[in-house]
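Here the structure is laid out as structure tokens; the discussion comes afterwards.
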Amino acid sequence: MGWQSTPYTIPLAVSAVVSLGLAAYVGVHLRDDNADASLTAIFLLLVSAALWTLGYAVQLAQIDLAGKATGLAFANVGSIAVPVFWILFALVYTGREAWLSRRRLGALLGVSGIVITIQLTNPVHHWFWTATVSWNGSFYVLERSFSAAFYLQLAFFIGIVLAGIYLLFRYILGEQDLYRGQAAALALSPVLPLAATLKFFFGIGPHPGVDLTGIGFVASSGALTFAIMRYRFLDVVPVARNVVVETMRDGYVVVDDDETVVDLNPAARDLLDVDEGEIGGPVAALFPAGFDWNRGDGSSQRGTDLVLSHDGVRRYLDVRVTPLDGNRGGRVVSLRDVTDRRRVEQRHRALIEHSSDLTTVLDTDGRFQYVSPSAERLLGFPPSYFEDDDAFQLVLEDDRGRLLEEFERVLSDASYRSRFEFRLRDADDDVRVFEAIGRNLLTNPFVEGIVVNSWDITDRKRREQELQRTNERLEEFASLLSHDLRNPLAVARGNVELAREGETEALAKVDDAHQRIERLIEDVLVLARDGRSVEETTTVDLDSVATEAWSNVRTADASLTVVDTVTFSADRDRLARLFENLFRNAVEHGSTSPDSQAQEDAVEHGSTSQERSGVSVRVGVLSDRRSSADSRITGFFVEDDGPGIPEEHRDDVFEYGYSSSPDGTGFGLAIVRRITEAHGWSLSLDEGPDGGTRFAFGELERRSDLTASTD
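Right, here's the structure in full:
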């Protein structure tokens, strides 16, 4: 047995050493408890590549036929083992272990064993090739003449290598960036050795009788090293069924495209109360009859509640179906026991649904995720009305900016608890005022949102506003009384002194002063009572109330005409006092009759005409088209043909104590304004059509049966 030196012997030996070294490095990781089957396959692949390379190096270094046959025998064993372990690795790595049934694996190993046996015994029967040794001008080479059977088995094993490359490239299309780069490096690793093999059998290039596949394994080792160092191949295996999966609390079921169970972990078997024998059966058999385990179109994750009863104990499972990406087909059904969570949710939901407060949960965009049933009682809307709606579009526009600022602060600071007020309209279009507390519970697995607890404070706000108005009126009354009572008291005091001195005429002036004080007190009491908000109303007729009020006023030679009438809702007593003050104001400033009490109680409109015989007062309806049966009623008016009020004084006449007469109290039109505000009406003062004064009252809350008539 003689040896020779060739330019390929050392490169082949180096390639074998590199493969063995890398195999040793992988072998160290095989001792880990969570070592994956793909690592075992890659270890055996590297050892087989080293055997192939080293055996061929020996064959090339030998001179005689016997020596070359010995080295070739080792190389042939490696050349068959490499494709086998390559396809096994590709199947495990890409998650296609299910293909490796006992029958298929047995067939693959059986064919490989038969081919190896034929190759090892070929010197006896020459079924695959006949061999001779020849000189190529530089060194002795083994020349072989191959049979058709040899090329058939060669095509089979090359097909296996190509199938593995195909599986890896398909896998690349659907994986995350980390796995995509790793899989690409692994998929490219057999390309150079495969090209060298084809070069040898097609006789291409220099030294056509030399197989350079072993040297090509250096590139394969380089690609594998790159995957190990750059993509942590030995640490990160994308489709690995390891100890973590086996011991995880959540269950998972792997289903293929035919909805057949491929695998399920112990947790899934425990949760579904099944055994490992369900593998290979239909997935529907794992679940109760009628349960749609794959609800939805299967294009994304989707959660469904599954309720199971075992030994009288009810359990809640969250079932999620995730399609397997990367064109691998199939789905993963994950199962999570959420029994404790559902019980807590049900307990909290029961508390919320029976609460008088309004509880809402918003997502990070401010949209409703949950609205408590109390919304229907508080606002007149069912919870479904708010579903996925923008919460900030429901509040009044004036409150929106402030609430958005609070919401952003709650989002950015989970520890911040916001307290705020807001207004919105209910189903009757009435404005309701709420006070609320907002909390960030996005990280709470039972909530996962911004919780806002709100309570209706509309009545409280009204009471506060009423109290504020009352306090303001008290301050105004105190100021007015302290000022306006001084003058009649001083008059009375001075005339009392005169009466003591014997001037009996002074007693009449004392009596007049006391009457003025009495009128001041009565007007203040009316202001205090009539300034309160109207809580209860009745249906009133404009003609009836105006006529009744006219009869309560000393009108002398003045006249009243009710042009048309309307029925609407109002406080009848206060409305009557409103008319009485307007009528008294008109009569006392427009009449020259000696029976009138001119200048005593009302605001002076202007200079009194000494030639007039009596003022005419008109009451009527304001509408879009007056005196028409189909008119839209907007309010009512009171006007006279008296001297009128100068335009520069029209804004002042409604103020407390304003009077152009020294004998007037200045409360008459202030009372009119108070009663108008208490009803929520509008009030305007203009010149009448006959040059007098026109008071217009609008924005009446009309009844559904509101009608107008013309006399």
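Heads up: the sequence shown begins at 2 in our numbering, then just goes up one per residue.
The beta carbon of each residue, even a glycine, is placed where N, CA and C say it ideally should be.
Since residue i is in the alpha helix (DSSP H), which residue starts that stretch and which ends it?
i: Phe44; result: 38-62
i: Trp87; result: 66-94
i: Ser113; result: 103-121
i: Leu265; result: Here Leu265 belongs to no alpha helix (DSSP H); instead the beta strand (DSSP E) covers 262-265.
i: Ala24; result: 10-31
i: Ile676; result: 669-680
i: Leu408; result: Reading off the sequence shown, one finds Phe at residue 408, where the question assumed Leu. 398-413 is the span of the alpha helix (DSSP H), which, as asked, contains Phe408.
i: Leu380; result: 375-380
i: Phe369; result: Per DSSP, Phe369 belongs to no alpha helix (DSSP H); it is in the beta strand (DSSP E), 369-372.
Could you pull the start and end residues of the beta strand (DSSP E) that residue i belongs to?
i: Ser148; result: That residue, Ser148, is in no beta strand (DSSP E); it is neither H nor E in DSSP.
i: Leu336; result: 332-338
i: Val541; result: 539-542
i: Val452; result: 450-457
i: Arg1; result: Within the shown structure, residues of the chain are numbered from 2 to 712, placing residue 1 beyond reach of any answer.
i: Leu363; result: 359-363
i: Val192; result: From DSSP, Val192 is part of no beta strand (DSSP E) but of the alpha helix (DSSP H) over 192-202.
i: Val254; result: 252-256
Give me whichever residues DSSP pairs with residue i in a beta bridge.
i: Trp136; result: Tyr141
i: Arg619; result: Thr562, Glu640
i: Trp130; result: Phe147
i: Arg424; result: Val434
i: Arg695; result: Glu640, Asp687
i: Leu442; result: Gly450
i: Ser310; result: Arg315
i: Leu168; result: Paired residues: none, contrary to the question.
i: Ser624; result: Ile634
i: Asp652; result: None, per the DSSP bridge assignment.
i: Asp391; result: Arg368
i: Pro283; result: Thr261
i: Ser419; result: Gly439
i: Trp551; result: In DSSP, Trp551 forms no bridge with anything.
i: Trp4; result: Gln63
So, under 8 angstroms CB-CB, residue i and residue j are touching, yes? Tell me the CB distance rounded to an integer number of Å.
i: Asp427; j: Leu359; result: That belief does not hold up - the Cβ atoms of Asp427 and Leu359 are roughly 11 angstroms apart, past 8 angstroms.
i: Leu442; j: Val453; result: So it is not a contact: roughly 11 angstroms between Cβ atoms.
i: Leu55; j: Ala17; result: 4 angstroms
i: Val541; j: Thr562; result: With a Cβ gap of about 19 angstroms, Val541 and Thr562 do not count as contacting.
i: Trp130; j: Phe151; result: 6 angstroms
i: Trp53; j: Val83; result: 6 angstroms
i: Thr226; j: Leu23; result: 7 angstroms
i: Asn582; j: Leu670; result: 7 angstroms
i: Leu404; j: Phe387; result: Contact doesn't hold; Cβ gap of about 16 angstroms is too wide.
i: Leu189; j: Ala164; result: In fact, because the Cβ distance is near 15 angstroms, the residues do not count as touching under 8 angstroms.
i: Arg433; j: Asp457; result: 6 angstroms
i: Ala74; j: Leu121; result: 6 angstroms
i: Gly693; j: Gly643; result: 4 angstroms
Cβ of residue i versus every heavy atom of the ligand MN: is any distance shorter than 7 angstroms?
i: Val497; result: As for the ligand MN, it is missing from this structure, which has no ligand bound.
Would the segment 407-416 and the segment 333-340 be scored as touching if the rule is three or more Cβ pairs under 8 angstroms? No, the segment 407-416 is not in contact with the segment 333-340.
For the segment 110-121 against the segment 70-79, are there 3 or more C-beta pairs whose distance is under 8 angstroms? Contact holds: three or more Cβ-Cβ distances are below 8 angstroms.
Would the segment 122-135 and the segment 60-69 be scored as touching if the rule is three or more Cβ pairs under 8 angstroms? Contact holds between the segment 122-135 and the segment 60-69, because three or more Cβ pairs, one in each stretch, are under 8 angstroms apart.
Contact between the segment 279-289 and the segment 365-373: three or more CB pairs below 8 angstroms? Inter-segment contact for the segment 279-289 and the segment 365-373 is absent: fewer than three beta-carbon pairs are separated by less than 8 angstroms.
Any contact between the segment 202-221 and the segment 167-174? By contact I mean 3 or more CB pairs, one from each, below 8 angstroms. Because the criterion of three Cβ pairs below 8 angstroms is not met, the segment 202-221 and the segment 167-174 do not touch.
Check whether the segment 45-54 and the segment 86-101 touch, using three or more Cβ-Cβ pairs below 8 angstroms as the test. Counting Cβ pairs under 8 angstroms, three or more are found: they touch.
Assess, as a yes-or-no matter, whether the segment 631-640 is touched by the segment 689-702 under the definition of 3 or more beta carbon pairs within less than 8 angstroms. The answer is yes - the segment 631-640 touches the segment 689-702, with three or more Cβ pairs under 8 angstroms.
Taking contact to mean 3 or more Cβ pairs, one atom from each stretch, closer than 8 angstroms, check whether the segment 672-684 and the segment 574-581 are in contact. Touching, yes.
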